[in-house]
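In my numbering, each residue's number is its place in the sequence shown (first place is 1) plus 283.
All residues carry an ideal CB built from backbone N, CA and C; glycine is no exception.
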Amino acid sequence: MWRRSLRAGYRCFGRRSVGPKGFWGSHAVRACSAPAFPAGRITALQAVDLWKRHFEEKGVTEPHHSSQYIIAHLLGAKTIEILEQKKLTEFLSQEKIEQMWKLCTRRLSRMPVQYVIEEWDFRDLTLKMRPPVFIPRPETEELVELVLTDLQMKQTDGDVQHTCLEVGCGSGAISLSLLYSLPQLTVIALDQSQDAVDLTRENALRFEDHTALDGGKDGLKVIKQILTLAPQILSNYGRVYLEVDPKHPPLIRQWVEVNVEELHYVETRHDITGRPRFCILQKKKSNKDHELDLD
Ligand SMILES: C[S@@+](CC[C@H](N)C(=O)[O-])C[C@H]1O[C@@H](n2cnc3c(N)ncnc32)[C@H](O)[C@@H]1O
Numbered sequence: 284m285w286r287r288s289l290r291a292g293y294r295c296f297g298r299r300s301v302g303p304k305g306f307w308g309s310h311a312v313r314a315c316s317a318p319a320f321p322a323g324r325i326t327a328l329q330a331v332d333l334w335k336r337h338f339e340e341k342g343v344t345e346p347h348h349s350s351q352y353i354i355a356h357l358l359g360a361k362t363i364e365i366l367e368q369k370k371l372t373e374f375l376s377q378e379k380i381e382q383m384w385k386l387c388t389r390r391l392s393r394m395p396v397q398y399v400i401e402e403w404d405f406r407d408l409t410l411k412m413r414p415p416v417f418i419p420r421p422e423t424e425e426l427v428e429l430v431l432t433d434l435q436m437k438q439t440d441g442d443v444q445h446t447c448l449e450v451g452c453g454s455g456a457i458s459l460s461l462l463y464s465l466p467q468l469t470v471i472a473l474d475q476s477q478d479a480v481d482l483t484r485e486n487a488l489r490f491e492d493h494t495a496l497d498g499g500k501d502g503l504k505v506i507k508q509i510l511t512l513a514p515q516i517l518s519n520y521g522r523v524y525l526e527v528d529p530k531h532p533p534l535i536r537q538w539v540e541v542n543v544e545e546l547h548y549v550e551t552r553h554d555i556t557g558r559p560r561f562c563i564l565q566k567k568k569s570n571k572d573h574e575l576d577l578d
């Protein structure tokens, strides 16, 4: 699960904006006082509430999400919602409490939460964030979408090899997202800031585990295996729900019609950004069962 947008109307998945956008440096640090270190034990949920209230009192923007994102991060998750209840209600170790106080005190000094937790989501990527490099804006995802749509249209024109030049790459969000969606693209990213160039390079090397995304030549390797096996484990009318690359639904439909006669392709659903992302398939009633019905 990605971090969610905080601003009303901005997509369900992914990114949000916590704290000021743009450059943030040590000059921006404000004097701040953290709440007293807890004498007794404290759970993650209690900590979220305690820091939310403290951020509120001190006028930190988006206090609840700030508190949630920091504490989720400490517990190794992107959001509080994906953590098991047990993890939220058990007492935190002393080490975790100390880390939490350190990170929350940074937020109290108005450091954007992206810098506090040192990473943020941009489209499908989780990128490392570090001052003074610019934190990508959520709106920039729309620019990437626009460029991708254009490039994808051009690709149908023929086998032309496209090259993009990004001037002012910051964390590398735009270039890396383009490459992520169109690996055959050549991208040159430059920035006048050495910090930005270094961070872009780090982010390029930090991609998620490629095997987690490797679907083989046509991107459907794992999906085909799932759909081949599905009829064996589904009961009649049992369903398969897939989240796939937006290019895949028509290919999956076609492949299933030819190769898995026990499955019926029910429909394709769109995600909140309007991209065809979800495939629903259903096991047909087997002929054997029809025969049994007749008996
Ligand atoms: C507003 S940030 C945008 C960063 C990134 N494109 C993004 O959307 O997250 C602008 C970037 O342009 C860089 N920049 C500014 N002037 C530049 C120039 N003349 N040549 C190259 N990079 C420049 C800055 O260092 C900064 O990283």
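Query, Result
"Status (buried if at least 16 other CB within 10 Å, exposed otherwise) for I365", "exposed"
"Cβ neighbours of T511 in the same chain (closer than 7 Å, five flanking residues each side left out)", "V543"
"Inside the segment 337-373 only - alpha helix (DSSP H) runs reaching at least 4 residues", "346-357, 368-372"
"Contact test: A237 Cβ vs ligand 1 heavy atom, cutoff 7 Å", "Residue 237 lies beyond the range of the chain shown here (284 to 578); nothing can be said about it."
"Any non-hydrogen atom of ligand 1 within 7 Å of C452 CB", "yes"
"Whole-Å CB distance - K567 paired with E545, under 8 Å assumed", "6 Å"
"Same chain only: Cβ atoms within 7 Å of T326, ignoring 5 sequence neighbours per side", "L371, T372, E373, F374, L375"
"Same chain, Cβ closer than 6 Å to E422, five either side skipped, listed in chain order", "none"
"Contact test: D481 Cβ vs ligand 1 heavy atom, cutoff 7 Å", "no"
"Helix, strand or coil at L517 [DSSP, three-state]", "coil"
"Cβ-heavy atom distance, P421 to ligand 1, below 7 Å", "no"
"Per DSSP, cross-strand counterpart(s) of W334", "According to DSSP, which records beta bridges pairwise, W334 is partnered with nothing at all."
"Distance, Q351 Cα to Q435 Cα", "38 Å"
"Delimiting residues of the alpha helix (DSSP H) encompassing L459", "456-464"
"Cβ-Cβ distance between L408 and L488 below 8 Å", "no"
"CA nearest to the CA of R406, picked from G502, D332, L431", "L431"
"Presumed contact (8 Å Cβ cut-off) between I593 and V527, rounded CB distance", "Absent from the structure is residue 593, since the part of the chain shown begins at 284 and ends at 578."
"Any non-hydrogen atom of ligand 1 within 7 Å of L473 CB", "yes"
"Per-residue burial, E449 [other beta carbons within 10 Å of its own, 16 or more giving buried]", "buried"
"Boundaries of the alpha helix (DSSP H) in which P533 is found, first to last residue", "531-542"
"Nearest-angstrom Cα separation, counted from H348 out to M394", "14 Å"
"Nearest neighbour of L468, chosen from C447, D474, D332 [CA to CA]", "C447"
"Through-space distance from R558 to E428, alpha-carbon basis", "10 Å"
"Helix, strand or coil at D404 according to DSSP, with G and I counted as helix", "strand"
"Per DSSP, the bridge partner or partners of Y524", "I563"
"Candidates Y520, C452, A317, of which the one nearest F417 by Cα", "C452"
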